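Participant:
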Amino acid sequence: MNFRIVTNLWLIPAVPFAASLVILSLSKARRKTAAALAVAGQIAALAMSVLAFLPTLQTNNFRVVQNFTWFTFGEEVLRLGFVLDPLAAAMLMMIALVGLCIFVFSIGYMADDKRFTRFFAYLSFFSGAMLGLVIANSLLLLFVFWELVGLASYLLIGFWIERPSAAAAAKKAFITTRIGDMGFFLGMLWLYNRSGTLLFYDGGTGCLESAGLALLGASATFIVLLIFFGAVGKSGQFPLHVWLPDAMEGPTPVSALIHAATMVAAGVFLVARVYPLFSLGAINGVTSSLTVVVWIGVTTALMAALIAIAQADIKRILAYSTVSQLGLMMVSLGVGGVPAGIMHLLAHGFFKTLLFLGAGSVIHGCHGEHDIRKMGGLRRVMPVTFFTYAIGMMALSGVPFFFSGSWTKEEILHATAHWPRSHAPYYLILAGIILTALYMTRQIIYVFFGNARAASDRVHESPRVMTMPLTALALCTIFFGVVLTSAWPWLHAYLTGEPAHFEITRLIQPMFFVSLVLVSAGVVLGIWMYRKAGAQARDRPAEIDPLEYAQPALFRFLANKMWIDEFYGRTVIAFSWAGARLSDWMDRYFWDGLVRGFGAVGQLFAMFTTSVDERGINAGVDETTAGTRGLGRLLSTTHSGQIQIYLGVVAIGMLALLLLYAWLA
Amino acid sequence: MNSAAFVVIAIFTLAAALAAATLRKLMHAALSFAVAFVGLASFFFLLGAEFVGLALVFIYIGAVAVLIVFTILLTRRDVGKDRGFNWSGIVIALAMFGALTWSILKTQSLAIVAPHIRALTVKQIGAALMTTYVWPLQCVGLLLTAALIGALVLVMEEKR
Amino acid sequence: MRNSNLGSIRVTRVGERVLAVAGFPCDFLPPSTDEIQRKACFGATPKPAREVRALPNPVRHAMTPTLQVFLIVSAALFSIGLLAALSRRHAIFILIGIELMLAAANLNFIAFWRFAPQSKQPIGVMIAIFSIAISAAEAAVGLAMVIAVYRHYRTTNVDQLDQLKG
């Protein structure tokens, strides 16, 4: 059985795809069937992922590849394939599990939506594409799934198409990621040109294996940077991060599934997948392409964490936090800590989904209110949401020992501290961790503590179908930490292919104290800054933020997302507008003038021929026409003006010809 | 050339074409039209003319089907009225199919299987287009330009 | 009409042939046939191998579709196009019908090219390429005409358009 799923990996994405197709063909009223089908498809995908996961535990460095020919084009053979290795298996498990929780949660969250069935069709479609992405063994196949998740993301961000902001956000997300994908595509073409194959592993000749890598030479750096540009777009890294916060216009389960846990992490996954290309010709683990990855990651992580401090929308804070965490993962990959980055990706998948679903529960309870300054005191009315949210918050901030996030952050710090090129990323990341704890504390204080404010009226705890996934994810967040501890780094060993052993003395590492100090600093700073935040009376809903009070200029800078959107509006977008206006002008005046000139020449010539015509030829023709006119009048009675009848007559004529042929032959 | 593939593609193509010809809603018919051309392109792949198959996908599904959809959207107010169906067309079409099939089956020289030939590369097609067929190519380019201008002139709003 | 009997017999024979091969194992479905960890390296990958080349076996030979079968499919496609062009009232359907008929012609070109002995130039493919280009031009002009007609007469039903009436 296990053997069969390993050789039939394509079944894993195929099942959600099939579910999506069936749901699309259902009528709008079949809500229960649609939800049941989607959840069943996801459960099947999860079961198959587990079956695929089990054999990877048995041997170290497990890798099964199945390649097949897609089509032949003349002499060229285009081959695709699927691969199962620890990286793919771990991603499969995370996506299927998180996806299942979100599917169940959506049943409650989308209960009142009129396009309920459509929503589940899109979710299943996304799930299938994402599962396919992680098991692709060809850069081309990966790209296909990459675009499919992009499409699903576009459809789901713009799910509430009636809202102009949602439609605009969907367009922005699609176009911004497409800019990155263009780089990816060019990189892919270049890679194919150099190595002649896009398969990752192909019995020694794939583009990630030694024979394939040897063909690349110096061009590898540029190829890989182009591919990385695609990852920058998808994972919301600076400078293409602008779409991700806007993508929060979509329904909250979508934000949780696509824009927190899975799709945006695809960029990180891609870097990890093609890591041999990044580290080609590395000296001491440093290459110029990896250095670029580190600095982009550091910039993103710090910038997004700073912006998150000054946001008021509960989902936007989480979105910037996602951007920041993705930056952190990129840093980890860049400094050589691939397992640490992937572990953080997996852990982040769980706790960020938990946070988003918690935010969804809060929004659902507050009847669609997103502004944290209008909430307050919710911990009494929504206890389950509060506890699970707090767990997620502590995991994200990296509160040591009990939560998965702390172990992975420690690993990342550890990897970054030993980067030979520079120590600056390490210190910048330390600052990022303080900021993370600070903005999460701020959010918790605003939403759950203090007095009830404007939006807190008639708040209710969410139904069981929504709190159950929250609880499940909270448990995942805590117990996932067990395989991450430094005493028993099982996941680390699983990903690197070494045996893991238990050693209690390694439990407390020096980094443990570093992160303890940082997180406490952040939390204490947060509590001190926002101690009065919830104390205001309920009739003052939008109070002034303490930071705004102290540093109005800084706060405005951050609250307006560092003016990056405006900067793009003035430069890139204005530039393309100018280009469009220029070509409009050229068309109107320059080309038009040319055409007019040619026209004048033609006119002159026409004048000449007319005179010849009128004097020489017409006289003779006039006689002939008189005769023809009489015949024409006779024939015109058969003309009804119905072209279909004419066509029918032509067809009958052809039939007659065929019969004649049959008769003669 | 695989028979099973042939049967599947044939059923797929003809069903989609029939849907394109008979569905009542214009938009559904246009989508079936695109699907029929996917089937046709697979036929071309089956026959070893991959380049033509891909060109078919690009031109018909990428351009013509989209153009049809746009036209449907531009003439939308009229769409509801399409109820008419001329039954005599079925008779003529069936007669045509019968006559064609009959004459095809009657011709003994057509009952042959494919010989084996060298794969046709894009390079060969490109070389042929640039040498032997360079004048037809220019003519087609001219024709396309003329069609483009003609189509624009036809749909241009008249200036008053 | 001495031939009509013969013709009908042929139809059944061809029909049987098509049915008989329907249970043939499908080897165009992707991964199940490939083995794990294929060792074949790229440069030495076996050539794409059209099925015909790989199958000299006469029994399987009889199973592969003949030129006639392709022509019949093409005839069916043509008739469907004719049906659309003759029966539907909407101008766009007529265009769809014409496109289907042209597509049937293209299928014929390609089929004849594939089944004929190989010549120096891929003539059938060339004609198909030009024919596709021309039909694309035809579609553009035709659809533009539909829009223009719609602007003038506020209808796209051809039975209401009889300006050509003599």
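Chains as they are written, first to last, in the working numbering: chain A, 729 to 1393; chain B, 3 to 162; chain C, 273 to 438. Here a beta-carbon is modelled for each residue, glycine too, at the ideal position from N, C-alpha and C. Note that the coordinates shown come from a computational prediction; the quantities given were computed from them, not determined experimentally.
Kindly give me the distance between the Cβ atoms of Ala694 (chain A) and Ile1070 (chain A), rounded to whole angstroms, as I take these residues to be in contact under 8 Å.
Facilitator: An answer regarding residue 694 (chain A) cannot be provided, because it is not within the stretch 729 to 1393 covered by chain A.
Participant: Please report the residue range of the beta strand (DSSP E) in which Glu804 (chain A) lies.
Facilitator: Glu804 to Leu812
Participant: If Phe902 (chain A) and Ser748 (chain A) are in contact, beta carbons under 8 Å, what's the gap, nearest whole angstrom?
Facilitator: No, Phe902 (chain A) and Ser748 (chain A) are not in contact; Cβ-Cβ is about 19 Å, not under 8 Å.
Participant: My output table needs one value for Trp798 (chain A): the three-state DSSP class, helix, strand or coil.
Facilitator: Of the three classes helix, strand and coil, the one that applies to Trp798 (chain A) here is strand, per DSSP.
Participant: Say whether chain A places a C-beta atom closer than 7 Å to the C-beta of Leu75 (chain B).
Facilitator: no
Participant: Just to confirm, are Asp1293 (chain A) and Val970 (chain A) a CB contact at a threshold of 7 Å?
Facilitator: yes
Participant: Applying the criterion that 16 or more other CB atoms from any shown protein chain within 10 Å of the CB defines a buried residue, is Tyr929 (chain A) buried or exposed?
Facilitator: Buried: at least 16 other Cβ atoms inside 10 Å.
Participant: Looking at the structure shown, is Ala864 (chain A) part of a helix, part of a strand, or coil, going by DSSP?
Facilitator: strand
Participant: Consider the Cβ of Ile119 (chain B): report whether some Cβ of chain A lies at a distance smaller than 7 Å.
Facilitator: For Ile119 (chain B), not one C-beta of chain A is nearer than 7 Å to its own C-beta.
Participant: Does the segment 999-1015 of chain A come into contact with the segment 1126-1140 of chain A, if we say contact requires no fewer than three beta-carbon pairs (one atom in each stretch) closer than 8 Å?
Facilitator: The count of Cβ pairs closer than 8 Å, one atom from the segment 999-1015 of chain A and one from the segment 1126-1140 of chain A, stays below three, leaving the stretches out of contact.
Participant: Would you say Phe796 (chain A) reaches chain B, if we count a Cβ-Cβ gap shorter than 7 Å as a contact?
Facilitator: no
Participant: Within the 7 Å Cβ cut-off, does Ile863 (chain A) reach chain C?
Facilitator: Residue-level contact check: Ile863 (chain A) does not touch chain C, since none of the beta carbons of chain C fall below 7 Å from its beta carbon.
Participant: For Ser44 (chain B), would you say it is in contact with chain C, using Cβ-to-Cβ distances shorter than 7 Å as the test?
Facilitator: no
Participant: Where in the segment 1057-1119 of chain A do unbroken runs of the alpha helix (DSSP H), each at least 4 residues long, occur, reported from the N-terminal end onward?
Facilitator: Runs of the alpha helix (DSSP H) inside the segment 1057-1119 of chain A: 1066-1093 and 1106-1109.
Participant: Would DSSP call Asp840 (chain A) helix, strand or coil?
Facilitator: coil
Participant: Tell me the start and end of each unbroken alpha helix (DSSP H) in the segment 939-973 of chain A that is at least 4 residues and wholly inside, in chain order.
Facilitator: 948-962
Participant: Quick one: is Phe997 (chain A) buried, meaning 16 or more other Cβ sit within 10 Å of its Cβ, or exposed?
Facilitator: buried
Participant: Name, please, each residue of chain C whose Cβ falls closer than 7 Å to the Cβ of Gly1375 (chain A).
Facilitator: At residue 1375 (chain A) the sequence reads Leu, which differs from the Gly that was named. Ordered by position in chain C, the residues that pass the 7 Å Cβ test against Leu1375 (chain A) are Ala357 and Leu358.
Participant: Nearest to Phe848 (chain A) by CA position, among A:Gly931, A:Ala764, A:Phe1336 and A:Phe1285, is which residue?
Facilitator: A:Ala764
Participant: Within this structure, are the beta carbons of Gly809 (chain A) and Asn789 (chain A) separated by less than 7 Å?
Facilitator: no
Participant: Alpha carbon to alpha carbon, what distance is there between Val1175 (chain A) and His1188 (chain A)?
Facilitator: 14 Å
Participant: Gln1331 (chain A): buried (16+ other C-beta within 10 angstroms of its C-beta) or exposed?
Facilitator: Exposed, since its Cβ has fewer than 16 Cβ neighbours within 10 Å.
Participant: Within the 7 Å Cβ cut-off, does Leu343 (chain C) reach chain D?
Facilitator: Protein chains in the displayed structure are A, B and C, and chain D is not among them.
Participant: With 7 Å as the C-beta to C-beta threshold (strictly closer), list the residues of the segment 122-145 of chain B near chain A in chain order.
Facilitator: Leu122, Thr123 and Val124
Participant: Quick one: what's Asp1041 (chain A) bridged to in DSSP?
Facilitator: A:Asp1099
Participant: Flag this pair as yes or no: are the beta carbons of Leu1166 (chain A) and Leu1286 (chain A) separated by less than 7 Å?
Facilitator: no
Participant: What does Ala1379 (chain A) reach in chain C if we use C-beta pairs closer than 8 Å?
Facilitator: Leu354 and Leu358
Participant: Of all the CB atoms in chain B, is at least one closer than 7 Å to the CB of Phe1318 (chain A)?
Facilitator: no
Participant: With DSSP as the reference, label His987 (chain A) as helix, strand or coil.
Facilitator: helix
Participant: Are the C-beta atoms of Ile94 (chain B) and some chain C residue less than 7 Å apart?
Facilitator: Interface residue, yes.
Participant: For a test of the three-state rule: what should DSSP assign to Asn789 (chain A), helix, strand or coil?
Facilitator: coil
Participant: I need the DSSP call for Pro744 (chain A), collapsed to helix, strand or coil.
Facilitator: helix
Participant: Just to check my reading of the structure: Ala919 (chain A) and Leu867 (chain A) have Cβ atoms closer than 8 Å, yes? What is that Cβ distance to the nearest angstrom?
Facilitator: According to the sequence as given, residue 919 (chain A) is Leu; it is not Ala. Right, their Cβ atoms sit about 7 Å apart.
Participant: Find the nearest neighbour of Arg791 (chain A) within the set A:Ala1249, A:Val1378 and A:Thr1224, judged by alpha-carbon distance.
Facilitator: A:Thr1224
Participant: Using a Cβ-Cβ cut-off of 6 Å (strictly less than) and excluding sequence neighbours within five positions of Gly911 (chain A), which residues of its own chain qualify?
Facilitator: Leu954, Phe957 and Gly958
Participant: For chain A, is any of its Cβ atoms less than 7 Å away from the one on Val430 (chain C)?
Facilitator: True, the Cβ-Cβ gap to chain A drops below 7 Å.
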